[in-house]
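Engineer: Per this note's numbering, the sequence shown starts with residue 314, numbered consecutively. The C-beta atom is built at its ideal place from N, Cα and C for all residues, glycine as well.
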Amino acid sequence: MDLKRISGMTRLLHSVRSVAFSEFINDQSLNQRQINFVHKIINHMEQNGYMENVAVLQKPPFDKPISFLKLFDVRTRTALMKAINNVRENAVTVAG
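(1) Where does K317 land, buried or exposed, given buried means 16+ other C-beta within 10 angstroms?
(2) Check whether the Cβ of E336 lies closer than 7 Å to any heavy atom of the ligand SAH, and answer yes or no.
(3) Between the beta-carbon of L384 and the beta-carbon of F350, is there less than 8 Å?
(4) Measure from the alpha carbon of V367 to the alpha carbon of each residue in T391, Q345 and Q360, then state which is nearest.
(5) What did DSSP end up calling N339 once you bin it into helix, strand or coil?
(6) Between Q371 and the rest of its own chain, which residues show a CB-CB distance below 8 Å, the 5 nearest in sequence each way excluded?
(7) Within 10 angstroms of its Cβ, does I348 collect 16 or more other Cβ (buried), or is it exposed?
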């Protein structure tokens with residue numbers, strides 16, 4: 314795979330992540346702690362491309378200062394996991 318194509322896929326995945334999480338943040342009434350948590354997820358995805366399994370949300374660095382389960386209500390957790398899964402599905406489709 315050539316560098317130009319990799320660069321294009323990287324930009325596309327960045328765009329998908331940006332849209333998915335900006336919509337999530339805009340659609341929810343999040344406090345600053347919750348927004349910071351979402352930014353941790355975005356940073357993780359920037360480094361790894363996507364999140365393979367949402368179970369990592371209960372492990373470091375996501376478990377501090379407060380756990381995912383305590384930070385968000387069920388509805389918001391579900392919406393956040395949907396955004397994470399959408400990014401993963403798009404990343405796998407682009408890479409595949």
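Structural biologist: Walking through what the data contain:
(1) Residue 317 sits at position 4 when you count from the first residue of the sequence shown. For K317, the predicted structure reports a pLDDT of 45, less than 50, and the residue's modelled location is therefore unreliable. The matter cannot be settled from this model.
(2) The ligand SAH is not among the ligands present in this structure, which contains no ligands whatsoever.
(3) The residue given as residue 384 occupies position 71 in the sequence shown. The residue given as residue 350 occupies position 37 in the sequence shown. Their beta carbons are under 8 Å apart, which means L384 touches F350 by this criterion.
(4) Against the sequence shown, residue 367 aligns to sequence position 54. When only C-alpha atoms are compared, the closest one is T391.
(5) For the purposes of this step, residue 339 is taken as residue 26 along the sequence shown, with counting starting at 1. Shown here, N339 sits in a helix according to DSSP, grouped into three states.
(6) Mapped onto the sequence shown, residue 371 falls at position 58. By the criterion of a C-beta distance shorter than 8 Å, Q371 is surrounded in its chain by S380, F381 and L382, once the five residues flanking it on both sides are discounted.
(7) Taking the sequence shown and counting its residues from 1, one reaches residue 348 at position 35. It counts as exposed.
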